[in-house]
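For reference, the structure discussed in these notes is given below.
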Amino acid sequence: MDKKEINRYIFISMLAVVVCFIVKHFELFGKLIGIGLNALYPLFLGAAIAYVFNIVLAWFERHFFPKTKDGIIGYIRRPLCLLFSFIVVIAIIFLILKIVIPEIIAAIALITSKVPPLFTKATDYILLKLQEYPDVQEEAENFLNQFDLTTINWESIINKVMTFLRTGALGIINSAVGIISTVTGAITTFVVALIFSIYILLRKDKLLKDTKRMLNAYASEKTNNRLRRFFATAHDTFQSFFIGQFVEAIILGSLCFIGMSIMKLPYAGMSGVLVGVTALIPIVGAFIGAGVSAFIIATENPMQALIFIIFLVILQQLEGNIIYPKVVGESVGLPGIWVLAAVTVGGGLYGIIGMLLGVPLAATIYKLMFDTLENKEKELGIAAAETPTVKKEKAPVRVDVKAPKEKKVTPARKNAKSKKK
Numbered sequence: 148m149d150k151k152e153i154n155r156y157i158f159i160s161m162l163a164v165v166v167c168f169i170v171k172h173f174e175l176f177g178k179l180i181g182i183g184l185n186a187l188y189p190l191f192l193g194a195a196i197a198y199v200f201n202i203v204l205a206w207f208e209r210h211f212f213p214k215t216k217d218g219i220i221g222y223i224r225r226p227l228c229l230l231f232s233f234i235v236v237i238a239i240i241f242l243i244l245k246i247v248i249p250e251i252i253a254a255i256a257l258i259t260s261k262v263p264p265l266f267t268k269a270t271d272y273i274l275l276k277l278q279e280y281p282d283v284q285e286e287a288e289n290f291l292n293q294f295d296l297t298t299i300n301w302e303s304i305i306n307k308v309m310t311f312l313r314t315g316a317l318g319i320i321n322s323a324v325g326i327i328s329t330v331t332g333a334i335t336t337f338v339v340a341l342i343f344s345i346y347i348l349l350r351k352d353k354l355l356k357d358t359k360r361m362l363n364a365y366a367s368e369k370t371n372n373r374l375r376r377f378f379a380t381a382h383d384t385f386q387s388f389f390i391g392q393f394v395e396a397i398i399l400g401s402l403c404f405i406g407m408s409i410m411k412l413p414y415a416g417m418s419g420v421l422v423g424v425t426a427l428i429p430i431v432g433a434f435i436g437a438g439v440s441a442f443i444i445a446t447e448n449p450m451q452a453l454i455f456i457i458f459l460v461i462l463q464q465l466e467g468n469i470i471y472p473k474v475v476g477e478s479v480g481l482p483g484i485w486v487l488a489a490v491t492v493g494g495g496l497y498g499i500i501g502m503l504l505g506v507p508l509a510a511t512i513y514k515l516m517f518d519t520l521e522n523k524e525k526e527l528g529i530a531a532a533e534t535p536t537v538k539k540e541k542a543p544v545r546v547d548v549k550a551p552k553e554k555k556v557t558p559a560r561k562n563a564k565s566k567k568k
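Add 147 to a position in the sequence shown, counting from 1, and you land on the number used in this note's numbering.
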């Protein structure tokens with residue numbers, strides 16, 4: 148038994164011991180992993196922010212400072228482009244909030260003002276239809292009177308609320324402290340993540356160089372090539388997906404706004420922004436924005452809400468068959484069934500973030516898996532066996548290579564023997 152095999156058995160034994168320890172203390176191990184992930188969460192969030200901002204940063208560097216790397220301009224090139232990137236992203240977020248929030252507030256005010264009259268009309272309509280059934284009408288009147296907004300004793304409700312506030316003051320204080328603590332923790336996490344992302348963006352060239360040096364020093368050439376191929380594929384897929392989704396969302400939101408303005412539907416600006424923002428989520432995103440917009444439009448005019456739904460269904464067909472293939476194209480390279488599966492699984496695990504990141508992650512795994520499959524088929528000769536032309540070409544080549552070797556070797560040996568004689 149050689150040394151290499153002994154080391155292999157030692158490694159397997161140690162791995163078995165570690166697995167047994169984890170299984171035996173699974174709850175403790177899970178808590179330790181949770182604590183570690185919570186501690187590293189700001190760094191992960193910062194890396195994600197840096198990756199998204201890097202797309203905008205690279206665009207500014209490529210278009211405004213394409214060849215400037217030395218001198219004063221080269222020194223301020225990265226910080227200046229980073230500042231422009233933050234200004235652009237913050238301006239986009241501010242513009243979206245400025246358009247959406249006032250419209251939503253107005254819609255909520257409209258809903259609250261229209262609910263009591265609508266409730267009264269619905270009650271009168273039900274009672275009118277129940278006049279044919281006196282027994283049922285009496286029961287219905289007793290039931291509906293419980294929800295009559297005009298007979299509610301608001302003074303009694305206020306007294307109960309004040310009593311609750313006096314008796315439950317301690318609980319309210321504890322709840323307020325908990326809310327303040329949660330908000331403070333979230334703000335702190337975001338600030339740390341933002342600072343970490345800025346550091347990554349400012350020093351990304353050096354970080355990339357140091358990573359390559361470590362891979363060259365500590366990883367084998369085969370492992371190094373595999374890791375580089377994995378990260379290159381993931382980077383291309385994620386970047387293409389984000390850029391394509393962003394452009395496609397802008398086009399869809401703009402078309403929605405233009406179409407609603409032409410048809411003179413209410414809340415055109417808010418609906419266009421909502422549909423565009425939610426369209427960043429593949430497949431189901433635009434329908435979420437459409438549902439919210441249709442509900443708000445229905446508070447003003449139900450018939451216009453129906454027209455909006457029909458218009459958006461037509462727009463979705465146009466987007467799915469023409470716009471999306473042209474804008475995003477086959478850059479992601481994931482079949483439709485896998486896109487649906489990625490959105491479903493990602494949404495079930497991590498909500499909206501999972502739905503957004505599930506598609507590029509699944510596309511990366513899909514590309515790497517099929518690249519490995521193609522290489523394996525080439526090694527096994529499966530691809531050659533499936534293609535008749537390749538098979539016909541290989542047979543004569545092997546014969547021709549072997550034949551000259553036999554002819555060259557035999558005369559050489561005969562000449563050597565004749566010279567000796």
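Beta carbons are placed, not taken as given, at the ideal position from N, Cα and C, and that holds for glycine.
C-beta atoms of residue i and residue j nearer than 9 Å
i, j, result
"Ala426", "Ala415", "no"
"Ile246", "Val506", "no"
"Ala610", "Leu192", "Summary: the structure shown does not reach residue 610, with the chain confined to residues 148 through 568, and so no result is reported for it."
"Val431", "Gly494", "yes"
"Leu204", "Ser232", "yes"
"Ala194", "Phe378", "no"
"Phe393", "Ala510", "no"
"Leu348", "Arg225", "yes"
"Ile397", "Gly436", "no"
"Asn363", "Asn372", "no"
"Arg376", "Asp518", "yes"
C-alpha distance - residue i paired with residue j, whole-angstrom precision
i, j, result
"Arg209", "Met161", "51 Å"
"Arg545", "Gly183", "Note that Arg545 scores a pLDDT of 39, beneath 50, so its modelled location is shaky; the value from the coordinates is reported in the next line. About 58 Å."
"Pro449", "Gly406", "18 Å"
"Pro429", "Gly332", "31 Å"
"Ile153", "Leu175", "32 Å"
"Leu465", "Ile202", "28 Å"
"Lys150", "Lys525", "34 Å"
"Pro249", "Ser440", "14 Å"
"Ile456", "Tyr513", "35 Å"
"Met410", "Tyr272", "32 Å"
"Leu229", "Ile469", "34 Å"
"Gly498", "Ala489", "12 Å"
"Ile461", "Ala163", "58 Å"
"Leu487", "Pro264", "43 Å"
"Leu402", "Gly467", "13 Å"
"Ile196", "Phe337", "10 Å"
"Phe212", "Leu520", "41 Å"
"Phe173", "Tyr188", "22 Å"
"Ile252", "Lys307", "29 Å"
"Ile237", "Phe458", "31 Å"
Where the alpha helix (DSSP H) containing residue i begins and where it ends
i, result
"Ser367", "Run containing Ser367: none; DSSP gives neither H nor E here."
"Glu466", "Neither: Glu466 is in no alpha helix (DSSP H) and is coded neither H nor E."
"Phe207", "Phe173 to Phe211"
Next on the checklist: For a minimum of 4 consecutive residues, which ranges assigned as the alpha helix (DSSP H) are wholly contained in the stretch 383–449?
Outcome noted: 415–425 and 432–445
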